[in-house]
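Protein chains in written order, with the numbering used here: chain A, 182 to 667; chain B, 24 to 157; chain C, 48 to 489. Heads up, the beta-carbon is just placed ideally off N, CA and C, and yes, glycines get one too.
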């Protein structure tokens, strides 16, 4: 068994900025033939010279190859970012998404010429409806936050259809920042509900705040502490009792596929993150996809266009008079949807359930094995992620940030830090199901080594990371004197 | 983070529960944030201040102060009209960290009611409040 | 299953360490009434070879089983050659499988690439700052309008009817629950926005036009900039075809406050409409009101140059309901594609390619006109134009059978333009392709 820690320093090359390379007149592009006469555009519309760097193909390839080597990805090693679900991104799905029939398809082709894409989207909708236990789906939102906005718009339209204009929405203190931000875009005022001492919402807290001016509640289940909101049923009843709607942020769906029926929890509308639960790659920040699933009573308000099926043929239709309208230029991130579709077909029902079970297994295993060295704020079973704090390390003047940076030297991407805000010095670890036992054991051993260093030699942590090309960066100067373009 | 004993809490100032301070200077009242506030926020990168002439309510928001990872709202200790703002903070927001009661002052207000200052906490009361926060 | 590494032995050991006897026991905190009673009813699982065939068949069904040879469609999604270098570099694991660069020491690749993207965008559009991308052109416009409302504290926006119809629909959706209202600016007979029709109410937060507009015509920004100045409003110049800016004047030099739109033309496949690239650029004085991520240059502890996400206090994870936008995940990998594309083209190459697009489009325009079609508008165009071809709607289906998608019928979007079609011509169309279209269409 290999007991060497993965982190080391390799041959990583320096590389300047694009405009610090190249020579005027160099080109990295192959021009098509000029087989038509050249026609000058009116001078009054023509721009002056374009000050962009000229590079050869070799310049470009070397530049981006070197830059890529400065990044850590899931393919480099374990990336236990809580609430991000950094699971393995299947390579087969990448090549299937790049098939010419899909990649070269213009979105405004007539339905007759787009049956493959429409069928794929229609089937994906059905799969997501089944997985979530809801009735209807829109694939249009381009990311989770976009899905949250969609959900808020749906709830707003629902109340308007009943002649009501509600102004508030309940949001737990553990919520991701996109929740209140999305609610505010819709004109709702977020009202914060404090979670109970157990880390989950208490029905009484909701009952105290719920009234007929409240449009509903936004909950995340499992929540951002990795805990299942056990009182969800009662909470949904309270909200429904006053005519409100229940929105579920499904970012943590990876814990419960095949196990939990979200539809039966009293949820009216939910968004999913294809780039989390459904294995599509994060791409350094996107693109993602944030489909929204609804119960039947919200279906009339779904965005258009929608896909209709008749005798095995598919068509797009705008004929939904109560729809909230369009949210994306075309139909959403189709290229991302293909990958999620492939993933679901590869896993099947049994595979998806297994994935969730193993994700929860991995997180609980880490929790058990690290709780003797790291402070665990909630001593209860977690779901697919667990949260620790830096309380034990503070006496050595070592913080969550220091430990995170030192993990980099050990060869791991740090977990999520300082989120959720309700836990001081939070360290949120989500291994996902695609990490093997040896990877996780390795991670645990390295974290324990870091904790030991915190006690015996804290400066190692204060100076970390030292094995990367770049050390800690001056974020204060970057904010005080922003330099955002070269 | 500083310990309670290390915090600077000048005797001659008045304090709010949101960690602003106020000092009477002639017919104006100078306001800023306390040593505790700047210590909690960390390196300050930006201060958003009101326009001269703006009317402020007592306890009303007059601006924001930002560190790299946090934003805090600033609330006026007294009601009145903004007479001056500290332009130096635009180029040098770190003055709030370095000298929160001196060069890090934020606004000068012409008070509506001259006795509003008396309603605020004195140094001892503020210190006691901080003790309670621990 | 090859994505799930656990063996039965692994599972046993781990359950033992946790102190439970089965995987089901891990779900004890989930109340029974929330648990599924039945297993999921889903197709599959398919092995790699079955999946390849199944999805291959779906892709094969597209474009009528590839009997279509030439697609003359634009309208917000453009056919451009994508150099092989781009998909090759984009496949590098470290770019694809990494997350948002919150830990800058292990994300300098992404961060420097985005700083380069931001810089190229500012140069191309004559602006001072660009964000790291938004979802697409339509949401970029919606965010621009919301930003104008924030900055100006006014309630109305004047939007040209020649902004892409879908962009206008998305804007309407975003504004529906708010107090804000949209005034539509009509167009004139030359195919450009009628600036004289903008009401001078002094309540306008922004004037939004698109150039080249939906009809492909290049707008003259000068009167709009003047009106925006007089109204103390922001001028928003949006676009669907950024390649035009290799040739036409940049919005910044003409008085635009925000230049935003779709970047798909820059090395990103059409992919049935997504993912695209929402480009958003503006002036430094508005930076704290901007949506989206920003990458800034700085130094590390040893003084070495590096890059970080900065001004994050605008964003949702810090500012929450007071954030400049709710955006979190953006279209980062697409921004990278655009940067590699522009790096490959270079300044000289971009201009040359834009010129080729214009030349090809003018050739088709003239050829159609000579064959009896009516070119609807007199304003200069870039690589799209509107033509009225007699009987085209009758012959459209037959043209499909001949392998031709002969433009976009405009009547669903502009009922007053029955019989008018929008033709897009890029560097991908050869002279033969165009001659064939003209021959069959008339």
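- By the CB criterion at 9 Å, residue 195 of chain A and residue 524 of chain A fall outside the cutoff.
- Residues of chain B whose Cβ lies closer than 9 Å to the Cβ of residue 635 of chain A do not exist, since the nearest Cβ in that chain is about 17 Å away.
- A straight line joining the alpha-carbon of residue 433 of chain C with that of residue 420 of chain C spans about 10 Å.
- With 16 or more other CB atoms across the displayed protein chains lying within 10 angstroms of its CB, residue 242 of chain C is buried.
- With respect to residue 497 of chain A, residue 474 of chain A sits apart: the two C-beta atoms are not nearer than 9 Å.
- A direct Cα-Cα distance of roughly 12 Å separates residue 408 of chain A from residue 378 of chain A.
- Of the candidates C:173, C:236 and C:341, C:173 places its Cα closest to the Cα of residue 284 of chain C.
- When the Cα atoms are used, residue 428 of chain A and residue 368 of chain A turn out to be separated by approximately 16 Å.
- For residue 372 of chain A, the nearest beta carbon of chain B is not closer than 9 Å to its own beta carbon.
- Taking 3 residues as the minimum length, the beta strand (DSSP E) runs contained wholly in the stretch 380 to 461 of chain C are 431 to 435, in order along the chain.
- For residue 132 of chain B, not one C-beta of chain A is nearer than 9 Å to its own C-beta.
- Within chain A, the residues 464, 467 and 468 have their CB atoms less than 9 Å from the CB of residue 381 of chain C, given in chain order.
- Shown in chain order are the members of the stretch 44 to 71 of chain B whose Cβ falls below 9 Å from a Cβ of chain A: 65, 66, 67, 68 and 69.
- DSSP lists B:44 and B:144 as the beta-bridge partner residues of residue 38 of chain B.
- Counting along the chain, residue 377 of chain A sits inside no alpha helix (DSSP H), nor does DSSP assign it H or E at all.
- Residue 430 of chain A: not part of any alpha helix (DSSP H); member of the beta strand (DSSP E) spanning 426 to 430, first to last residue.
- Close to residue 366 of chain C, with beta-carbon spacing below 9 Å, are these residues of chain B in chain order: 94.
- In this structure the stretch 428 to 439 of chain A touches the stretch 386 to 403 of chain A; the number of beta carbon pairs closer than 8 Å is three or more.
- Rounded to the nearest whole angstrom, the C-alpha separation of residue 210 of chain C and residue 106 of chain B is 46 Å.
- Ranking A:527, A:585 and A:529 by CA distance to the CA of residue 555 of chain A puts A:585 first.
- Residue state for residue 150 of chain C is assigned as coil, using DSSP reduced to three classes.
- Measuring C-alpha to C-alpha distances from residue 61 of chain C to each of A:649, A:645, A:647 and A:617 identifies A:617 as the nearest.
- The count of Cβ pairs closer than 8 Å, one atom from the stretch 136 to 151 of chain C and one from the stretch 351 to 366 of chain C, reaches three, so the stretches are in contact.
- Three or more Cβ pairs closer than 8 Å define a contact, and the stretch 432 to 443 of chain A falls short of that threshold against the stretch 236 to 253 of chain A.
- For residue 624 of chain A, the secondary structure class from DSSP, reduced to helix, strand or coil, is helix.
- Separation of residue 317 of chain A and residue 470 of chain A (C-alpha to C-alpha, rounded to the nearest whole angstrom) is 17 Å.
- Taking every protein chain shown into account, the CB of residue 168 of chain C has 16 or more other CB atoms within 10 angstroms, so this residue is buried.
- One alpha carbon belongs to residue 636 of chain A, the other to residue 596 of chain A, and they sit about 20 Å apart.
- Under the 10 Å beta carbon count, residue 271 of chain C is surrounded by 16 or more other beta carbons and is classified as buried.
- Following the DSSP letters along the chain, one finds residue 300 of chain A inside the alpha helix (DSSP H) bounded by residues 296 to 313.
- Neighbourhood of residue 474 of chain C in chain A, by CB distance below 7 Å: 213, in chain order.
- Residue 456 of chain A has its alpha-carbon roughly 14 Å from the corresponding atom of residue 260 of chain A.
- By a beta-carbon distance limit of 8 Å, residue 290 of chain C contacts residue 404 of chain C. Their separation comes to about 6 Å.
- For residue 128 of chain C, same chain residues with a beta-carbon under 7 Å away, outside a window of 5 residues either side, are 474 and 475 in chain order.
- Residues of the stretch 77 to 94 of chain C with a Cβ closer than 7 Å to any Cβ of chain A, in chain order: 77, 78, 80, 81, 82, 83, 86, 87, 88, 89, 90, 91, 92 and 93.
- Close partners of residue 116 of chain B in chain A (Cβ separation under 8 Å): 661.
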